[in-house]
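A.B. asks:
2 protein chains.
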Amino acid sequence: MRYCVIMCGGVGSRFWPFSREARPKQFLDFFGTGRSLLQLTFDRVLEVVPAERVLLVTNRQYAPLIREQLPEVPPANILLEPARRNTAPCICWAAHHIMARDPEASIVTLPSDHLVLKEQAFHTALRRGFEFVEQGDRLLTLGIKPTAPQTGYGYIQQGRPVEGMEDFFKVRSFTEKPDLELAKVFLASGEFFWNAGIFLWKAESILKAFREHDPETSAVFSAGEGLYATPGEEAFIAEAFPTAPSNSIDYAIMEKASNVYVETVDLGWSDLGSWKALHDASPHDGRGNVTQGCRVLQHDCRDTIFAVSDPGKIVVAAGLEGYIVADTPNSLLIYPASQEQRIRNVVTDVRTLFGPDYV
Amino acid sequence: MRYCVIMCGGVGSRFWPFSREARPKQFLDFFGTGRSLLQLTFDRVLEVVPAERVLLVTNRQYAPLIREQLPEVPPANILLEPARRNTAPCICWAAHHIMARDPEASIVTLPSDHLVLKEQAFHTALRRGFEFVEQGDRLLTLGIKPTAPQTGYGYIQQGRPVEGMEDFFKVRSFTEKPDLELAKVFLASGEFFWNAGIFLWKAESILKAFREHDPETSAVFSAGEGLYATPGEEAFIAEAFPTAPSNSIDYAIMEKASNVYVETVDLGWSDLGSWKALHDASPHDGRGNVTQGCRVLQHDCRDTIFAVSDPGKIVVAAGLEGYIVADTPNSLLIYPASQEQRIRNVVTDVRTLFGPDYV
Chain W
1 MRYCVIMCGG
11 VGSRFWPFSR
21 EARPKQFLDF
31 FGTGRSLLQL
41 TFDRVLEVVP
51 AERVLLVTNR
61 QYAPLIREQL
71 PEVPPANILL
81 EPARRNTAPC
91 ICWAAHHIMA
101 RDPEASIVTL
111 PSDHLVLKEQ
121 AFHTALRRGF
131 EFVEQGDRLL
141 TLGIKPTAPQ
151 TGYGYIQQGR
161 PVEGMEDFFK
171 VRSFTEKPDL
181 ELAKVFLASG
191 EFFWNAGIFL
201 WKAESILKAF
211 REHDPETSAV
221 FSAGEGLYAT
231 PGEEAFIAEA
241 FPTAPSNSID
251 YAIMEKASNV
261 YVETVDLGWS
271 DLGSWKALHD
281 ASPHDGRGNV
291 TQGCRVLQHD
301 CRDTIFAVSD
311 PGKIVVAAGL
321 EGYIVADTPN
331 SLLIYPASQE
341 QRIRNVVTDV
351 RTLFGPDYV
Chain X
1001 MRYCVIMCGG
1011 VGSRFWPFSR
1021 EARPKQFLDF
1031 FGTGRSLLQL
1041 TFDRVLEVVP
1051 AERVLLVTNR
1061 QYAPLIREQL
1071 PEVPPANILL
1081 EPARRNTAPC
1091 ICWAAHHIMA
1101 RDPEASIVTL
1111 PSDHLVLKEQ
1121 AFHTALRRGF
1131 EFVEQGDRLL
1141 TLGIKPTAPQ
1151 TGYGYIQQGR
1161 PVEGMEDFFK
1171 VRSFTEKPDL
1181 ELAKVFLASG
1191 EFFWNAGIFL
1201 WKAESILKAF
1211 REHDPETSAV
1221 FSAGEGLYAT
1231 PGEEAFIAEA
1241 FPTAPSNSID
1251 YAIMEKASNV
1261 YVETVDLGWS
1271 DLGSWKALHD
1281 ASPHDGRGNV
1291 TQGCRVLQHD
1301 CRDTIFAVSD
1311 PGKIVVAAGL
1321 EGYIVADTPN
1331 SLLIYPASQE
1341 QRIRNVVTDV
1351 RTLFGPDYV
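Just so you know, the sequences run in chain order W and X. For the first sequence, my numbering begins at 1 and goes up steadily by one. For the second sequence, my numbering begins at 1001 and goes up steadily by one.
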C-alpha cells in the first residue's frame, strides 16, 4: 500500500524572527490561511495517501507542536528522532518502520515546509510516481520545471527518457546550487530541474539502496529488524539513531545509485527557503510590496515584505526599497532583502548578545 | 509664597505611535529613566517650590493618569479643565485659584513635556526669576540661549538690559518660527532666544495683565471671584471655562504687555517637539543613531532613532539612514525623519483606515 513520510524536523533561522528554534518554519501559518505549512502539506497528501498511512518524522522536541497541529495523526505514525542527523537516517528509519508494517509498501517522502500552488498537478504527479516506482526497483525524485535562473536551488539534469512514460527520465546528474551564470545556462538548456526533495520508492527499494550505497547507515538500522512497529522500537531508536552518521539522502543515495529517475513536473512550487522566495511566492501590490498577516499604510515603498505576527498590529512605513520588515512580540527585523543571507549570522549574534529567548 | 503651575493638558500626535490621544507625550517615559516627562518636570521644580504648592492643570480626561503618575500631589492641586482652550484660559484660571489661596503669591508656569538637562541652572534661573518678579509688576519669560538655527521654535528678541540684573532684559519682540535663513541671522545676532513657554509673575500681575490685554478672558474668570479654592469652584469652572476664548498666553498677553522681561538662560533645554528634537537631545552612537528603551543590533545604519515601548524587545536593522523606527504593541512606524511633518496626517489616515484603537 501507499505511504507518505512527511519530514518535519527542520530547524531554520532564515526566517528569524518569525521562525524560532522552538517553532520553526513548518509550524508557521505563513500565508495567514489558518493552516501552517505542515498542516497544508498534510492536507495536500490526503488526496493520495489516507491519514492512517501518513507518517511524520520529526525531532523529539517538536512532538507537542505536531500533536497540537495534527491531532488527527495516530501517535503510532509520529516517529520522534532523538537526535538531528539530516535526511538519510530519517528516511532509512521510516522505511524500516513502514516495511515492518507492510513489506509491499511504496512511499512518498517529502518536506513539510514547501509551497505547492498547483494541488491537482501535485496529486497527479504523486499518483504517476507511485505507479512508476511500484513497477520495479526504482528511486524517483520530482524535478520542478524551473521558471527563473534560481541560484538558491539544487538542480537535477535529465538523462534519457523513460519509454512510454511522458515526463519521466533517468537522472544524469545532481548539481549543487549554481551561480547566476550557470543557472541561466541550466534554464536555457531545458534539461535541468529544481530538486524539490520529494522522493518516491518502494520501501524494499530504498532499503536495498542503503545496503548498497550507505552500508554504515544501513547497518545501524538493520540491527533493529524485528523491533520496528513494536513496543521495542522506541528504546532501540533511542540507542541506535544517534550512532547513525549525519548525511543527506542526496549524498548518501541519490547521487550514487544508478536506478534514479526524475519525474518532471510543474507544481507552482517554492521551497520558501528565503524571504526572497516567500516574497516571490506571495501576492504583490503594484510596486512589489508584500503584506503578510498585517495591515500596512505605506508611501513610496517598493519590493518590501511586511510580515507581522500579530494580526491586530498595523505598520506605517515610507521610503523603504527592497526591505524585509518582520515583527514579532519580542523581535523586530528591518533588513535589506539583498543581504538576507546575513540573517543566519545575525541570529547567532542575537543569541550571544540577547540570549536564547530571542532565537 | 511661591507656586508652580505645570500645564499638562497637551495632546500631540507628532510622536505617534508612542504618544496616543489616551496617553500623550508628557505621560511617557521617553528616556527610559523610569519617570515620565511630567514626573521629571515635577521632580525638577520641587527644589524651588514645595509639592503642596505645585499645581497641575490638565484636561479632565487625564485625571486618572495624573493621579497614577503623581500620587503625591494633593487632589486640591489638580485643576481639571472641562474643555481645551489653549494656554491663556488655563493660566488665568490657575492665577485666580492661587490668588484665592495666597494673594501674595508668585507663580512659575511651565510645560510638562520639555527636557531640561541642566537642573541646577534651571533652579537658579527660577529663583532669580522669582526674586525679579516679586519686586514689581513684571511679566517674565525664560529665553533659552540658542545653540543652532532651529526653525521649530519661536524666538524672543532682547531689548535693553535690566540694570544690575545680569541676564535680564526687556523683551523687544516675540517672533514666530523663522525659516532657516532668518534663524541663522537670529543666531548670529546674539539677541534672539528660544521661547520655552516658562513664565514667572505674581498672581496679581498676571491678573492685572489679563484685565488690560485680554478683557474677555478676564471677565470669564473674574465672575468666579469668591468661588476659587472653595467647593463652588468646580461647578463654576464647568460652566465658565468652555466660554473662554481659545488663545495662547503669548498672543493674549506677552506680545501686548509693556512690562515683559526675558531672563536668558542655558538649561540644556529641548521642547522635544519632534522626533528630530528628541534625536538631537538623546545620546548618539558614533553614526548618529539613537536608541530609546530597546536593544538594537544594527549594521550600516545612520542618524536613525529606534524607539520601542517594550523594554524586552530587540531590534535588528541594517542600512537605514535618517529613519524613525517607533514600535508599540499595536503599531509600528518606519518613517524617514526628513518627512516627519507628515506623521500628523498619517495619524489621521490611520484613524480613518484602522480605527481609534491605533491613535
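Positions of the beta carbon are idealized from the N, C-alpha and C atoms, including for glycine.
Against chain X, does residue 159 (chain W) count as a neighbour if the rule is that its beta carbon must be under 8 Å from one of theirs?
C.D. replies: By this cut-off, residue 159 (chain W) is not an interface position.
A.B. asks: Whose CA, out of X:1016, X:1005 and X:1162, lies closest to the CA of residue 1274 (chain X)?
C.D. replies: For the residues X:1016, X:1005 and X:1162, the minimum Cα distance to residue 1274 (chain X) belongs to X:1016.
A.B. asks: Interface residues of chain X around residue 349 (chain W) at Cβ under 8 Å?
C.D. replies: 1297, listed in chain order.
A.B. asks: Whole angstroms are fine: how far does the CA of residue 1307 (chain X) sit from the CA of residue 1211 (chain X)?
C.D. replies: Approximately 46 Å between the Cα atoms of the pair.
A.B. asks: Output the boundary residues of the alpha helix (DSSP H) element that contains residue 1235 (chain X).
C.D. replies: Note, residue 1235 (chain X): alpha helix (DSSP H), 1233-1240.
A.B. asks: Less than 8 Å between the beta carbons of residue 1110 (chain X) and residue 1237 (chain X), yes or no?
C.D. replies: Cβ atoms of residue 1110 (chain X) and residue 1237 (chain X): not closer than 8 Å.
A.B. asks: Note down, in chain order, each residue of its chain lying with its Cβ closer than 7 Å to the Cβ of residue 344 (chain W), except the 5 sequence neighbours on either side.
C.D. replies: Contacts found: 13 and 14.
A.B. asks: Cβ closer than 7 Å: which chain X residues qualify as neighbours of residue 353 (chain W)?
C.D. replies: Within 7 Å Cβ-Cβ: 1297.
A.B. asks: Using the Cβ count rule (16 or more neighbours within 10 Å means buried), how would you classify residue 1060 (chain X)?
C.D. replies: Exposed is the call here.
A.B. asks: Note down, one range per segment and in chain order, each beta strand (DSSP E) of at least 3 residues found wholly within the region 1280-1335 of chain X.
C.D. replies: 1290-1292, 1295-1299, 1305-1308, 1314-1318 and 1323-1328, all fully within the region 1280-1335 of chain X.
A.B. asks: Using a Cβ cut-off of 8 Å, pull out every chain X residue sitting near residue 313 (chain W), in sequence order please.
C.D. replies: Under the 8 Å cutoff, chain X gives 1329, 1330, 1331 and 1332.
A.B. asks: Return no unless some Cβ of chain X is closer than 8 Å to the Cβ of residue 337 (chain W).
C.D. replies: No, because no Cβ of chain X sits closer than 8 Å to the Cβ of residue 337 (chain W).
A.B. asks: Since I believe residue 1221 (chain X) is in contact with residue 1092 (chain X) (beta carbons under 8 Å), could you give me their beta-carbon distance rounded to a whole number of angstroms?
C.D. replies: The Cβ separation is near 5 Å, so the contact holds.
A.B. asks: Given that residue 988 (chain X) touches chain W, what residues does it touch there, using C-beta distances under 9 Å?
C.D. replies: Outside the displayed span of chain X (1001 to 1359) sits residue 988 (chain X), for which this structure offers no information.
A.B. asks: Quick check on this structure: which residue in X:1335, X:1357, X:1163 and X:1336 has the alpha carbon closest to the alpha carbon of residue 1329 (chain X)?
C.D. replies: Ranking the options by Cα distance to residue 1329 (chain X), first place goes to X:1357.
A.B. asks: Which residue wins for smallest C-alpha separation from residue 1354 (chain X), given the options W:136, W:114, W:11 and W:294?
C.D. replies: Considering only alpha carbons, the answer is W:294.
A.B. asks: With DSSP collapsed to three states, give me the class of residue 1111 (chain X).
C.D. replies: Three-state DSSP puts residue 1111 (chain X) in a strand.
A.B. asks: Please list, in chain order, the chain W residues whose beta carbon lies closer than 8 Å to that of residue 1358 (chain X).
C.D. replies: Those are 314, listed as they occur along chain W.
A.B. asks: Curious, which full-length beta strand (DSSP E) runs of at least 3 residues does the region 100-165 of chain W contain?
C.D. replies: Correct list: 106-111, 139-144 and 155-161.
A.B. asks: Give, in chain order, every residue of the region 15-41 of chain W whose Cβ lies closer than 9 Å to some Cβ of chain X.
C.D. replies: Residues passing the 9 Å Cβ filter: 16 and 17.
A.B. asks: Based on the DSSP output, what are the partners of residue 1195 (chain X) in its beta bridges?
C.D. replies: Partner(s): X:1143.
A.B. asks: Check this for me: beta carbons of residue 1261 (chain X) and residue 1195 (chain X), under 8 Å apart or not?
C.D. replies: Contact flag unset, no.
A.B. asks: With 16 as the cutoff for other CB atoms within 10 Å, does residue 188 (chain W) come out buried or exposed?
C.D. replies: By the 10 Å Cβ count, residue 188 (chain W) comes out exposed.
A.B. asks: Going by C-alpha distance, which of X:1004, X:1008, X:1159 and X:1090 is nearest residue 1259 (chain X)?
C.D. replies: The shortest C-alpha separation from residue 1259 (chain X) is found at X:1159.
A.B. asks: Please report the residue range of the alpha helix (DSSP H) in which residue 1002 (chain X) lies.
C.D. replies: That residue, residue 1002 (chain X), is in no alpha helix (DSSP H); its beta strand (DSSP E) goes 1002-1007.
A.B. asks: Whose Cβ in chain W lies nearer than 8 Å to the Cβ of residue 1320 (chain X)?
C.D. replies: The answer, in chain order, is 334.
A.B. asks: Using a Cβ-Cβ cut-off of less than 7 Å, list which residues of the region 274-303 of chain W approach chain X; keep chain order.
C.D. replies: Against chain X - using a Cβ distance shorter than 7 Å - the residues of the region 274-303 of chain W are 295 and 297.
A.B. asks: Counting contacts by CB-CB distance shorter than 8 Å, is residue 346 (chain W) in contact with chain X?
C.D. replies: Closer than 8 Å to some Cβ of chain X, the Cβ of residue 346 (chain W) qualifies, so yes.
A.B. asks: Does the region 284-304 of chain W come within contact of the region 167-182 of chain W, defined as at least 3 CB pairs closer than 8 Å?
C.D. replies: The region 284-304 of chain W, when compared against the region 167-182 of chain W, does not touch it at the 8 Å Cβ threshold.
A.B. asks: Helix, strand or coil for residue 1270 (chain X) per DSSP?
C.D. replies: Looking at residue 1270 (chain X) - three-state DSSP - the assignment turns out to be strand.
A.B. asks: At a CB-CB cut-off below 8 Å, which residues of chain W make contact with residue 1325 (chain X)?
C.D. replies: Result: 332 and 334.
A.B. asks: Can you tell me whether residue 9 (chain W) is buried or exposed? The criterion is at least 16 other CB atoms within 10 Å of its CB, across all chains shown.
C.D. replies: With 16 or more Cβ atoms within 10 Å of its Cβ, residue 9 (chain W) is classed as buried.
A.B. asks: Are there 16 or more other CB atoms within 10 angstroms of the CB of residue 256 (chain W), so buried, or fewer, so exposed?
C.D. replies: That one is exposed.
A.B. asks: Can you tell me whether residue 136 (chain W) is buried or exposed? The criterion is at least 16 other CB atoms within 10 Å of its CB, across all chains shown.
C.D. replies: Flag for residue 136 (chain W) reads exposed.
A.B. asks: Do residue 26 (chain W) and residue 106 (chain W) have their beta-carbon atoms positioned less than 8 Å apart in this structure?
C.D. replies: Not a contact, by the Cβ cut-off of 8 Å.
A.B. asks: Do three or more CB pairs link the region 1198-1211 of chain X to the region 1119-1136 of chain X at distances below 8 Å?
C.D. replies: Yes: the two stretches touch, three or more of their Cβ pairs being nearer than 8 Å.
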